[in-house]
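Note that my numbering has the sequence shown beginning at 12, numbered continuously upward.
Using N, Cα and C, we set each Cβ at its ideal position, and we do this for glycine too.
The structure presented is a predicted model; accordingly, all values stated were derived computationally and were not measured.
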Amino acid sequence: MTFLNQLKKLFKTTSTPVNTGPFVMGFWDTLPKNFVIMAPMADVTDCAYREIIAKYSRHGEPGGGPDVFYTEFVASDGLNNDIGRPKLMHNFKYTENERPIVAQIFSNKPASIEYAARLCRELGFDGIDLNMGCPERNICRQGAGCGMIKTPELLPEIIAAAKRGAGDIPVAVKTRAGWSQNEIETWIPAILECDVAAIILHGRTRQVMSRIPANWDWIQRAGEIVRASGKPTKFIGNGDIQSVAQAKEYCRKYGTDGVMIARAIFGNPWLFDTEKTEVSVREKLDVMLEHTRIFIRELSDHKNFAVMKKHYKAYISGFDGAKELRVKLMESNSYEEIEQHVKEWIAQYPERLNVMIPC
Numbered sequence: 012m013t014f015l016n017q018l019k020k021l022f023k024t025t026s027t028p029v030n031t032g033p034f035v036m037g038f039w040d041t042l043p044k045n046f047v048i049m050a051p052m053a054d055v056t057d058c059a060y061r062e063i064i065a066k067y068s069r070h071g072e073p074g075g076g077p078d079v080f081y082t083e084f085v086a087s088d089g090l091n092n093d094i095g096r097p098k099l100m101h102n103f104k105y106t107e108n109e110r111p112i113v114a115q116i117f118s119n120k121p122a123s124i125e126y127a128a129r130l131c132r133e134l135g136f137d138g139i140d141l142n143m144g145c146p147e148r149n150i151c152r153q154g155a156g157c158g159m160i161k162t163p164e165l166l167p168e169i170i171a172a173a174k175r176g177a178g179d180i181p182v183a184v185k186t187r188a189g190w191s192q193n194e195i196e197t198w199i200p201a202i203l204e205c206d207v208a209a210i211i212l213h214g215r216t217r218q219v220m221s222r223i224p225a226n227w228d229w230i231q232r233a234g235e236i237v238r239a240s241g242k243p244t245k246f247i248g249n250g251d252i253q254s255v256a257q258a259k260e261y262c263r264k265y266g267t268d269g270v271m272i273a274r275a276i277f278g279n280p281w282l283f284d285t286e287k288t289e290v291s292v293r294e295k296l297d298v299m300l301e302h303t304r305i306f307i308r309e310l311s312d313h314k315n316f317a318v319m320k321k322h323y324k325a326y327i328s329g330f331d332g333a334k335e336l337r338v339k340l341m342e343s344n345s346y347e348e349i350e351q352h353v354k355e356w357i358a359q360y361p362e363r364l365n366v367m368i369p370c
C-alpha cells in the first residue's frame, strides 16, 4: 500500500463527520495553478498599500498579481457592537481593482464571527478568512488567533458560525502548525472536517513566532493530509517566501495549490509583477509619495501617521544616500514634511534618480 493510500485509509477510519454547513468554494475554484496570495498584515496591507500594489503589480493583467488580496485582520468582537464598529470599518475599505479580496476576521465567540461574516458578505467581499494563526499575546489571550489551536473543540462552532454569516461566499482558515510543537496530524484534519474552502498554513508554531525559518517539510506533510481527505479544499503554504518565482517553485516542490507572501512586500509594491525586475530611484520615490497621499486621503482620520514609517524604512534602501533620506523621513510627521525632504534630497543628488534597483 502506498503512503498516500495509507493516509486515505487513516483519514477515513478516524474522522468524525461534523455538520458545519454547506461546502462553498466560490472564487477559490477559479484560481490559476500555483496561485500567489498577498498575506494579511496589521498596519501594512491596509487599503492604501493594497491600492498601490494592485496598480504597480498590475493585478488582473497577464504577468501581474497577486491572485488574491487580503485585508488586515479585524476583531469580530469589536464589529459586533455599536461602539467598536465605527472605529473598525476603515479596515474594510477596498477598490474593485483588488478582486478577489478576502476579509480576515478573528474571535473565539461564534456570535461575533457570524455577525462579522455577514457584514463582510454585505460589503461585497469575495470570501472570509478566519485568523487562527496570529501569535500576538493579546490576541491569543482572547482565545483567538493561535489561541484557537488550544481549544480545538470550539473549531466546528466557530466555522459553522462563519458559514452562516458568509452565506454563498467561501470561508477559509489561516493558521500555524501548532502552539508549542507540530500538531499538524490532528489540527489539519480537524479543520478539514469542517469543510472550509481553503487552509493557509504558516510553517511555524506559535511558540517560535518568527525566530526560526519556516518549516516547509511540515507544510508538505499538511498538504498530503489535505489531499488524502479527498476534499476540494485548497491548500496554501506560507513562510519566508521572497518572490513570485520562489512561490511557484515551492508550489511544485512542496505540493501546495498556492503560496502566500508576507514580509517580502515591504517597500516593494512591484513584487507580484513577474515582468518587472528593477525600478529606478525616481520611481521608488514617486510611488512612496503616492502611497502617502492615498494613506492621508483614506486613513488619516483612523490611523496615526507613524504607521507609514515602516513603509518608508523599506522604500528607502538599496541605493546611495538612502540612509540620509531615511533618517529624515523617520523624523517626519506629515505629508508636507515627507515631500519637502524628498525634494531636497533630489536637488542634492539628481544624478542618482536614474539608478536602477532590483525589485
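Is Phe-14 helix, strand or coil by DSSP?
In this prediction, Phe-14 scores a pLDDT of 42, lower than 50, which makes its location untrustworthy; no coordinate-derived value is stated.
Bridge partners for Ser-311 per DSSP, in chain order?
Answer is none; Ser-311 lacks a bridge partner.
So, are the CB atoms of Phe-80 and Pro-111 less than 9 angstroms apart?
In this structure, Pro-111 lies closer than 9 angstroms to Phe-80 by Cβ.
Which runs of the alpha helix (DSSP H) at least 4 residues long sit entirely within the region 246-303? Give them in chain order.
255-265
When you compare only the Cα positions, how much space is there between Phe-34 and Ile-368?
46 angstroms
May I ask which residues mark the beginning and end of the alpha helix (DSSP H) holding Asp-140?
Asp-140 -> not in any alpha helix (DSSP H); beta strand (DSSP E) instead, spanning 138-143.
Thr-130 by DSSP, collapsed to three states: which one?
It should be noted that the sequence gives Leu, not Thr, for residue 130. In this structure, Leu-130 counts as helix in the three-state DSSP scheme.
Can you give me the Cβ contacts of Ile-305 inside the same chain, cut-off strictly under 7 angstroms, excluding the 5 residues immediately before and after it?
Closer than 7 angstroms at Cβ, skipping near neighbours: Ala-59, Glu-62, Ile-63.
Under 8 angstroms Cβ to Cβ from Thr-162, same chain only, skipping five residues before and after it: list those, please.
Asn-119, Gly-154
Within 9 angstroms, strictly: CB atoms of Ser-123 and Asn-102:
no
Who are Ala-86's beta bridge partners in DSSP?
Paired residue(s): Phe-117.
By the three-class DSSP mapping on this structure, what secondary structure does His-213 have?
strand
Helix, strand or coil at Ala-183 [DSSP, three-state]
Reduced to three states, the DSSP call for Ala-183 is strand.
So the candidates are Tyr-346, Cys-145, Gly-178, Phe-330; which of them puts its Cα closest to the Cα of Lys-320?
Tyr-346
Met-36 in three-state terms, based on DSSP
In this structure, DSSP gives Met-36 a state outside helix and strand, which the three-state scheme calls coil.
Quick one: what's Val-79 bridged to in DSSP?
Ile-48
Would you say His-322 and Leu-336 are within 9 angstroms of each other, going by their C-beta atoms?
no
Can you name the start and end residues of the beta strand (DSSP E) that Tyr-369 belongs to?
According to the sequence as given, residue 369 is Pro; it is not Tyr. Here the beta strand (DSSP E) through Pro-369 covers 367-369.
Report the rounded CA-to-CA distance for Pro-121 versus Leu-165, giving the unit in angstroms.
9 angstroms
Taking buried to mean at least 16 other C-beta atoms within 10 Å of its own C-beta, is Glu-355 buried or exposed?
Its Cβ having fewer than 16 others within 10 Å, Glu-355 is exposed.
Using only the alpha-carbon positions, how far apart do Glu-342 and Ile-48 sit?
Cα to Cα, Glu-342 sits roughly 33 angstroms from Ile-48.
Given this structure, state the Cα-to-Cα distance separating Gly-74 from Gln-253, to the nearest angstrom.
17 angstroms
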